[in-house]
Each structure stands twice: as structure tokens, then as C-alpha cells.
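Residue numbers (my numbering): 12 to 140.
In C-alpha cells, the structure reads:
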């Protein structure tokens, strides 16, 4: 009997989230000063998923990023570079949920007629006591 091997390529999202999860897990395993706040991490993932759905409707070439700040490991950011973002009336509930989940939001113009949108999440990591 032959073994079936799945060679389905993993998505950029899976690579990004796996990398972030690995970094957060390593910090926790190494008995660092911080541990993962699973509730906040899940909220950040939910906001990312909603944001990606909204942005890709307007700009299929948008580039997404998720990272924790160094040296402030308790603060993580979700960012997207895109040409435009139009939030339609039917998308407003999802947009409001993203904004409510995040602690801060900024939009900055960057090169080549693009914008950089960042959502900041505090307390993704919490200090050990």
C-alpha cells in the first residue's frame, strides 16, 4: 500500500501566524517575563481575518503583516499595505468589530500611491507575576 503525501502549499497567512505563534510559544517556554494572553491573541486573529476580507475586496494585491513590537513584547500590530480601502455600508459591522477589538488604529500614506494601515493590540503577552 502506498502512502499518500499532501503537498498542498501553505498560504502566506499560515506561514505568518505559525511564525508569530512559534515566537510567542518560545517566549513562554523559555520562562521569559511574558506569557501569551490567549484571549487577546484570538481577538487579534479575528480582527486580522475580518480586515483581510475587507481589504482584498478593494485591493487584491494588498500585503499583510503581523508582528510583535521589540522590545515591547506585549504589543502586537496588524498592518496592511494597499492602494485603497473602501468600507461599504454592508461591511460596516465588520469594520466596527475590527476597530473595537484593536486598541489603536492609524493610516499613513506611503510610496507609490499606497497607504499603510495599522491596528495595534495591547496585552497580547502579559507579564508573569
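Even for Gly, the Cβ is constructed at its ideal location relative to N, Cα and C.
Keep in mind it's a predicted model, so treat the numbers as computed, not measured.
Beta-bridge partners of residue i, as assigned by DSSP
i: residue 136; result: 47
Residue i burial status per 10 Å Cβ neighbour count (16 or more: buried)
i: residue 73; result: buried
i: residue 123; result: exposed
i: residue 32; result: exposed
i: residue 83; result: exposed
i: residue 113; result: buried
Inter-residue CB distance, residue i and residue j (contact presumed, cutoff 8 Å)
i: residue 55; j: residue 118; result: That pair is no contact at about 19 Å.
i: residue 65; j: residue 105; result: 6 Å
i: residue 109; j: residue 62; result: 5 Å
i: residue 89; j: residue 58; result: 6 Å
i: residue 116; j: residue 51; result: Going by Cβ atoms, the distance from residue 116 to residue 51 rounds to 16 Å, so no, they are not a contact pair.
i: residue 79; j: residue 96; result: Their Cβ separation, rounded to whole angstroms, is 24 Å, which puts residue 79 and residue 96 out of contact at 8 Å.
i: residue 91; j: residue 121; result: Not confirmed; about 11 Å, so no contact.
beta-carbon residue i near the ligand ADP non-hydrogen atom, thresh 8 Å
i: residue 105; result: By its list of ligands, the structure shown contains no ligand whatsoever, and the ligand ADP lies outside what it can speak to.
(request) Please go through the region 71 to 123 and give each complete beta strand (DSSP E) segment of 3 or more residues, from N-terminal end onward. (result) 74 to 79, 87 to 93, 115 to 121
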